[in-house]
Amino acid sequence: DGQSHLHFAAAKMLDDISEFERAFQHLQSANAIEHQRTHFDADAGRSFVARSRATFDSAFFEDKNAIGNASDKPIFIVGMLRSGTTLVEQILASHPAVYAGGELEYFRGVAGQLPDRLGGGQPYPECVKSLDAATIDAISRNYLAQFTKHSGDAQRFTDKNPLNFEHLGLIMTVFPNARVIHCRRDPMDLCLSIYFQHFSERHDFAYHFADITEYLRQYEQLMAHWHSVFPGRIHDIQYEDLVANLEPVSRAMFEYLDIQWDDNCLEFHRTARPVGTASHWQVRQPLYTRSVERWRHYEPYLEDLRAALADQPGQ
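With the first letter of the sequence shown counted as 1, position 306 gets the number 306 in the numbering used here; the numbers rise by one all the way through.
Put into structure tokens, the structure is as follows:
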């Protein structure tokens with residue numbers, strides 16, 4: 001919608017010159033337009049989380065572990081939108097051993113096709129119990145083939161679709177040796193950053209604080225489950241720690257990946273590569289901290305957001 005585009009652009013411009021009250025007025029107008037055009041089905045999301053937790057339990061992975069593809073090439077970077085995934089990928093892509101694959105929809109597509117592919121009449125995720133070695137082999141080979149023609153000498157590659165967190169059960173079934181980097185960020189900054197963004201994709205939860213915090217709650221529940229069934233196998237990175245302590249946090253990440261450190265990774269903003277996300281301009285600059293506690297500029301207008309976050313039950 002042209003009108004919402006103008007409001008989002010005005011909000012960004014006013015934010016840049018510290019006109020925070022006027023910026024937020026434009027933000028509210030932009031998001032109100034988008035919220036009317038979209039519908040976030042919170043009940044469907046809650047059902048998906050509950051069914052995923054029930055399906056992908058420890059017994060499931062014990063049963064399927066032997067039939068996955070043994071490759072450790074894929075590095076999945078997951079988290080909420082606006083959580084620092086693009087920055088993490090840019091740091092990784094600055095290493096000669098790592099090829100940046102960008103945001104891929106592959107596993108979302110596989111999840112959508114699996115019920116028909118497997119037959120049996122069960123929806124996703126329940127249908128994954130019927131996964132056999134031949135199907136997993138085909139899924140993994142098709143996935144790896146996307147990179148062999150582009151990745152050159154790189155030994156590893158990234159898949160930076162943040163919403164792959166929804167499908168980590170499927171991903172770890174197909175690639176049990178894959179590495180997963182989970183990006184976290186202060187929830188006030190995270191939710192405000194989402195609210196500032198006019199997404200090209202249809203993220204129906206992104207245009208109202210009540211919807212954003214509900215989706216955040218579902219994400220937290222699902223990530224807590226993945227941590228419980230994959231203990232020690234998911235590496236968390238806190239955005240605020242990364243920007244404050246770039247080298248030690250980055251070194252710990254490469255150690256987790258079992259990749260030898262390279263000082264080029266501290267010069268990530270010099271790495272030339274296409275970046276097709278909302279953060280594309282930010283990763284072209286040296287590290288900056290102005291996104292940390294950005295929400296404080298808007299504190300008078302965020303009472304509803306703060307209340308919604310405070311209302312989140314503990315995991």
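Just so you know, even glycine gets a beta-carbon here, dropped at the ideal spot from N, CA and C.
Short CB-CB distance (under 9 Å) between residue i and chain D
i: D72; result: This model lacks chain D altogether; it includes just one protein chain.
C-alpha distance - residue i paired with residue j, whole-angstrom precision
i: L309; j: Y143; result: 37 Å
i: I33; j: I17; result: 24 Å
i: A111; j: S58; result: 20 Å
i: T277; j: Q197; result: Low local confidence applies: a pLDDT of 49 at T277 is under 50, so the model's placement there is unreliable, with the coordinate-based value given in what follows. Roughly 11 Å between the two C-alpha positions.
i: L87; j: H95; result: 13 Å
i: L305; j: D189; result: 11 Å
i: A44; j: Y256; result: 35 Å
i: D262; j: A252; result: 12 Å
i: V98; j: Q25; result: 42 Å
i: H307; j: L192; result: In the sequence as displayed, the identity of residue 307 is Ala instead of His. Those two C-alpha atoms are separated by around 14 Å.
i: D311; j: T213; result: 9 Å
i: Q28; j: E166; result: 29 Å
i: T289; j: F268; result: 15 Å
i: I237; j: G2; result: 36 Å
i: L114; j: G169; result: 14 Å
i: L266; j: E240; result: 16 Å
i: H235; j: H5; result: 36 Å
i: P187; j: N245; result: 20 Å
i: S291; j: E21; result: 18 Å
Local conformation of residue i per DSSP, three classes
i: G79; result: strand
i: V283; result: Because the pLDDT of V283 is 47, which lies under 50, any placement of that residue in the model is unreliable, and the number read from its coordinates should be weighed accordingly. DSSP places V283 in helix when its eight states are reduced to three.
i: H182; result: strand
i: F157; result: strand
i: P74; result: strand
i: I17; result: coil
i: H208; result: coil
i: L216; result: helix
i: G121; result: coil
i: K149; result: coil
i: P231; result: coil
i: D43; result: helix
i: N264; result: helix
i: A10; result: helix
i: L302; result: coil
i: E89; result: helix
i: H198; result: coil
i: E126; result: helix
i: G112; result: helix
i: G68; result: coil
i: S94; result: coil
i: L222; result: helix
i: G84; result: coil
i: L309; result: helix
i: D137; result: helix
i: T277; result: Below a pLDDT of 50, predicted positions are generally treated as unreliable, and T277, at 49, falls in that range; no measurement from the model is reported.
For residue i, the first and last residue of its enclosing alpha helix (DSSP H)
i: T289; result: Counting along the chain, T289 falls outside any alpha helix (DSSP H), and DSSP gives it neither H nor E.
i: Q36; result: 20-37
i: V98; result: Unbroken run through V98 is the beta strand (DSSP E), 98-100; no alpha helix (DSSP H).
i: D63; result: 58-64
i: Y256; result: 246-257
i: P187; result: 187-195
i: G169; result: 168-174
Inter-residue CB distance, residue i and residue j (contact presumed, cutoff 8 Å)
i: P125; j: R51; result: 6 Å
i: E201; j: N161; result: Between N161 and E201 the Cβ distance is about 11 Å, and since that is not below 8 Å, they are no contact.
i: F107; j: I171; result: 6 Å
i: I259; j: R156; result: 7 Å
i: S83; j: R185; result: 4 Å
i: H317; j: L81; result: Since the first residue of the chain shown is 1 and the last is 315, residue 317 is not available in this structure.
i: H7; j: A30; result: 3 Å
i: I194; j: A206; result: 5 Å
i: A100; j: T158; result: 5 Å
i: H225; j: R53; result: 5 Å
N-terminal and C-terminal residue of the beta strand (DSSP E) that residue i is part of
i: D236; result: 234-238
Q: Kindly confirm or deny that the stretch 205-223 and the stretch 38-53 touch, where touching means at least three C-beta pairs closer than 8 Å.
A: In short, these stretches touch, since the Cβ pair count reaches three.
Q.
Using 8 Å as the cut-off, can you tell me whether the stretch 172-189 makes contact with the stretch 54-70, which would need three or more C-beta pairs spanning the two stretches below that distance?
A. Yes, the stretch 172-189 is in contact with the stretch 54-70.
Q) Would the stretch 128-138 and the stretch 295-307 be scored as touching if the rule is three or more Cβ pairs under 8 Å? A) Output reads no: the stretch 295-307 does not touch the stretch 128-138.
Q) Just checking, does the stretch 154-173 make contact with the stretch 76-83 on the three C-beta pairs under 8 Å criterion? A) The stretch 154-173 makes contact with the stretch 76-83: 3 or more CB pairs, one atom from each, lie closer than 8 Å.
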